[in-house]
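Step one of this worksheet: look at the structure below.
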Amino acid sequence: MASLKRWVVVGVTACSVLALAYLPPRGATASGRSFFMAQSRQGTRARQRAQALADQWRGADAALRLLRARREVQELLREAKAGTSLVVVSESADVTTAAPPIADSAIHIAWRQLGLGETKVRVAVIIQLAIVSPVHDRPTIEAGIAAYLAPDSTDRTTCIAVLPSGNYWTRFFRGERRDGAPFAFEALVQTLKSGLGPCAFYAAYGTPGKSVRAWLVARGWDLALTLDAGARGPYGNSLIEMTDRRYPWFWEAVYSVPPTAVACLASRPTGCRAAVLAGASDDPSIPFPDLMRIDRRWGRVPRVVEGQRFLGDVARAVGRDRFLNFWTTALPVDTALAAALKRPVGEWTADWQSGFVHPIRLGPAPPLGGVAIALAIAALAVALVGVTASRRQVR
Amino acid sequence: MSRLLGLVLAVSLLPSPLRSQDSLVVRLRRQADSLLGTWREAQLLADVADSLEQVRATAGSDTIAVGGLRIIVNPSPLPWREAAEHAWPVIDSLYGSAAEDLSRHPYIFRAVDPDSGVRRTVLHVGVELPWDLDVRATATLLLTTVNAPRFDAALADWLGSGLRPTLHPQSERAAVFVQLLTVPSEAVRACFLGDIAHCKDVLQLGDSIGLLERWYATPAEREALVASSFTDYFARGATAPSLQNCRQHRDDACTSLLQSLPPGSLPRPLAHAARILLVREALRAGGRDAYRRLVARPSAPIRERLASAAGMDIDSLVARWRNAALAARPKPLTLPWWAGFAAIGWTAFFGLCALRSSRWRL
Amino acid sequence: MKVVIVLLAIAALARPAIAQQRWERQVQERVQRAIDAVATSSRLPVVKRSGMLNTDEAASFSTTLVQGTSYAIVAVCDDDCSRLQLTLLSPSGSDLAKERNSESLPILHFHAETTTVYGIRVVMEGCHWNPCWYGIAVVPLRKIPS
Amino acid sequence: MIAMFRAVLYSEWKWSRLVVALGTVAAFAIPLVSLQGAARADRGALQAQELLRSVQSWGTLYPLLATALGLLMAIAAWAPDHRGRHIHALTLPLERWRYVLLRFGAGFVLLAAPIAAVLIGSSLAVLTATLPPGLQAYPIALAVRFAFAVLVAYAVFFAVSSGTARTAGIILGVIAAVILVQVVASIANIDLNLFGAAQTVLLLGPGPLAVFTGRWMLVDV
């Protein structure tokens, strides 16, 4: 017994020393260290500031461009024949010209593929061609960032989209790139289809009710970027969907999204609900003019994985009438969305999310089946030993 | 009362909104202009900051000069000089007189603690690498980061990769030999058997008309190509029926599918190692100025550039390339000198273990 | 509310220049049919207004009604509109008459005692696909000699 | 019977007290160390992502510790009997199956100390840490999982080490045969993936060893 006490004292002392050494946790500031060994080069502080200013200028320039575009769009619509709901022009170095024929036909195909004909809210698309020879007196236009002006900031029936086409498509439009034309054209249709963004929703379902619109504005329309994303591809669009979960970088990708989105990946209705309804407010406010700037560049962190197609999928799931009831509702967003889905928002979203990413397991809890089988095997092993021991003989 | 106000407002505001919009435009324009001005100043400052950072990052660093190589590195246990002395002759033998131009673009490296847990300062300039590399690894790093002088896009497109020196020319040749022997293409087979015209075809030195039929001559090759490389690509959309027909041995379907591929995306029968070997042979044959001649006329057809670099007609160059590849037939499996000793050593070790086993001590 | 009115005004300015859409044509036809249905014997002109509103938005305009004349004030809206409210306002802004029961075709009958400027307000109480077009016609029926 | 259990417990404690003591200290230390990145009131916290990365990597030590404890305790439970060729056990006035249960029970009672250490260590660590918003701690779930892992490892190794050298030989032989079949199959280009199948059956989903695999996250979303 004395020896037992001695060992207990030794153990408790060792643990107390450890507790004194490590509690409370030391804390640390973020190292910013890359997951990979060698870090990639970063701009200096001054360069980062210049880039931030460039981004602010792009925002202001896009807003200006949109507001200026309203008058030009009025002209175009005046000239357009009755029933025209989509007009397209291109712009290069602040000069507006007719859209390249290939872009015009591609966007009209995209329009038809989205099931849009004559719509209450018209859409005017301005394809911003890249300036091929680089200019140094102003920031270059980023291809992945599009800007939109809501109908209430124009004539109430026209949504304007400014889509920078980037070097690749600009050269394609100018006939400098025709490699694999049929496939490139298909890709162009898809690019312009997703480029229509919020304007496609305005065209399909009209102007949303105040609560829904304020919710989407507060979130930067991240849940309504693609009206019809089509069938779920085998590979998905995000790193989380592309990465094999046996590898550590799968979890790097998972933990790079906000906690509510991670919880939603684990099929937790509360997390899904919080991730989807973030931004919904009881006192909705909408800016005027209602300018939307949407960044589609690779690497941006989504609030919900595959969120860009969320409302498109909701619309397809519940049907046009129920979706329109939600879209134009005067009720709070959560109530209206639950009514349209006929299910709690969290549960529906958890099911929808699991269609893209097989639910992940959070925390240390082991799979219940595994525990049961493990315990059964443990019991079996002990029973086996019991049986063999009863047969044991001394020879 | 508020209704009256609303009514009055409605009437009074009818002409005003565009005015209010115009003032907004003016305000936005002013904001954009001032942002643009600030951005221009910030750009100038950033350029200065970058150049200062360049100076700061290289201050207290050693500059190692070996031949045309200029390497600026922070103090570290890395064997830079030995590595540069290994790398320079290889670089010089490839680029010849053009290698001297490399001295205008010094390399900046920062050696860091390989322990990924150690905090490091942010990298603004140069390339980071762990300081525990040996001479060979460091030399390989220098060879793989060297930029070919005046290397043009046309040459890069044809080559399908960069043109860099190698420490393993023999294994590169051996790889080409294996390709010539094993690639399932009649054209490559003909090239292997000595048909120089087919060699030029598979190296894409001729015109690009009818490339598909010349690279993949038989229906079986074309079907195999679709099946092995493009099943997923053609399985969706309008091309799906043609894919089905192709799988049912309909050559017209396979050919039309492959012809619909973007130019440049038809898989080359020979991987880029074959083309790199051809360029190396041209440079070896052409002497120290061969590389300068190779990059002198980027607009000229590749075959002419290679011929002028090698100083011989293209057929002779391709024949030389083929001979170099055939001469590199990989050696059969041989035991390294230490294998015997290792086998005996391990046998002895386990034998001793067996003798010390407790079962002998009962 | 102010923003809405501002926006309405933008719409009012911009709209006529642009090629008409299906819904707008639909409303114009309905207004005309309503005017034809309410047989007018007066020489006074029929006042027409049209525009578009999102759900729960309102628009107002003013018109002069002539003393001793009976008027039918008719409002119509497009197929996506389920309920429209029509109100006649006195110059002081107080409600004189309100019609909210007949869902998408409210009609007010009013006899003007004095010649003055009256307000007419329309509220889009139900629109399934925003915005919904509406049209209003102020039709003088007959002048009753006093 | 209780007196008998106490005797067995005491004898097993004598044979394995070093293992138990070291295991307990290690089990107490791992959660403390794994949460060092978390914030204290007067210090900044790691980004959630980095904290979770560190918790995840430290988490791999729990199943290793559980396996090691199970193995060493099982060996300690049977080694003296093997040395004495089981004569002592066979001479006891006790059914042999009861004797086995007493041995197993005594071992598991001793293993309760490391399990309790994990619970106490992780509770202390999470109570004194300030976690980034959106994250929560799972000290009880972690301790329960550790208990399961220890129990399974102990039971399996208890069975293996209770056997004779012949039993151990058979087990090793079976493993060697599987490896051989796999090697031959891959040489003969036969589409047979025994390792993959074994991994799926044993480690993934509800496999018997699934309790060891996966992520042992003391802190997670």
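Residue numbers (the working numbering), protein chains in the order written: chain A, 738 to 1132; chain B, 21 to 382; chain C, -3 to 142; chain D, -17 to 203.
C-beta atoms are modelled at their ideal positions from N, C-alpha and C, and glycine is treated no differently.
Residues sharing a beta bridge with residue i, DSSP
| i | result |
| --- | --- |
| residue 10/D | Its beta-bridge partners do not exist; DSSP assigns none. |
| residue 61/C | 112/C |
| residue 885/A | 898/A and 1029/A |
| residue 157/D | According to DSSP, residue 157/D bridges with nothing at all. |
| residue 107/C | 66/C |
| residue 95/C | 82/C |
| residue 44/C | 133/C |
| residue 120/C | 80/C |
Own chain, CB closer than 6 Å to residue i, minus 5 neighbours either side, in chain order
| i | result |
| --- | --- |
| residue 139/D | 52, 53 and 56 |
| residue 108/B | 86, 87 and 89 |
| residue 143/D | 56, 57 and 60 |
| residue 26/D | With a pLDDT of 42 at residue 26/D, under the threshold of 50, the modelled position of that residue is not reliable, and the figure given next carries that caveat. Around residue 26/D: no qualifying Cβ. |
C-alpha gap between residue i and residue j, whole angstroms
| i | j | result |
| --- | --- | --- |
| residue 898/A | residue 927/A | 16 Å |
| residue 844/A | residue 925/A | 8 Å |
| residue 995/A | residue 882/A | 22 Å |
| residue 134/C | residue 825/A | 40 Å |
| residue 203/D | residue 108/D | 14 Å |
| residue 934/A | residue 1035/A | 16 Å |
| residue 244/B | residue 237/B | 12 Å |
| residue 114/B | residue 185/B | 6 Å |
| residue 191/D | residue 1111/A | 7 Å |
| residue 84/B | residue 932/A | 52 Å |
| residue 1040/A | residue 985/A | 22 Å |
| residue 66/D | residue 49/D | 26 Å |
| residue 108/C | residue 1025/A | 40 Å |
| residue 265/B | residue 274/B | 8 Å |
| residue 92/C | residue 44/B | 39 Å |
| residue 12/C | residue 811/A | Residue confidence is low: residue 12/C scores 45 on pLDDT, short of 50, so the model does not pin down where it sits. No coordinate-derived value is stated. |
| residue 314/B | residue 69/B | 38 Å |
| residue 136/C | residue 38/C | 6 Å |
| residue 96/C | residue 103/C | 9 Å |
| residue 1015/A | residue 34/D | 24 Å |
| residue 119/D | residue 975/A | 28 Å |
| residue 1087/A | residue 8/D | 39 Å |
| residue 1095/A | residue 1105/A | 18 Å |
| residue 181/B | residue 841/A | 36 Å |
| residue 100/C | residue 46/C | 14 Å |
Sequence-distant residues of its chain with Cβ nearer than 7 Å to residue i (five each side left out)
| i | result |
| --- | --- |
| residue 110/C | 63 |
| residue 62/D | -3 |
| residue 28/B | Residue placement at residue 28/B is poorly supported in this model, since its pLDDT is 37, which falls under 50; the coordinates still yield a value, given next. There are no such residues. |
| residue 1055/A | 1077 and 1078 |
Residue i, buried or exposed, once every other Cβ within 10 Å from all chains shown has been counted against 16
| i | result |
| --- | --- |
| residue 167/B | exposed |
| residue 202/B | exposed |
| residue 885/A | buried |
| residue 366/B | exposed |
| residue 361/B | exposed |
| residue 39/D | exposed |
| residue 1063/A | buried |
| residue 979/A | exposed |
| residue 873/A | exposed |
| residue 1037/A | exposed |
| residue 391/B | No information on residue 391/B is available, as it lies outside the stretch 21 to 382 that chain B covers here. |
| residue 358/B | exposed |
| residue 46/D | exposed |
Same chain only: Cβ atoms within 8 Å of residue i, ignoring 5 sequence neighbours per side
| i | result |
| --- | --- |
| residue 165/B | 127 and 147 |
Integer Cβ distance of residue i from residue j, believed to fall under 8 Å
| i | j | result |
| --- | --- | --- |
| residue 118/C | residue 82/C | 6 Å |
| residue 895/A | residue 859/A | 5 Å |
| residue 1126/A | residue 79/D | 7 Å |
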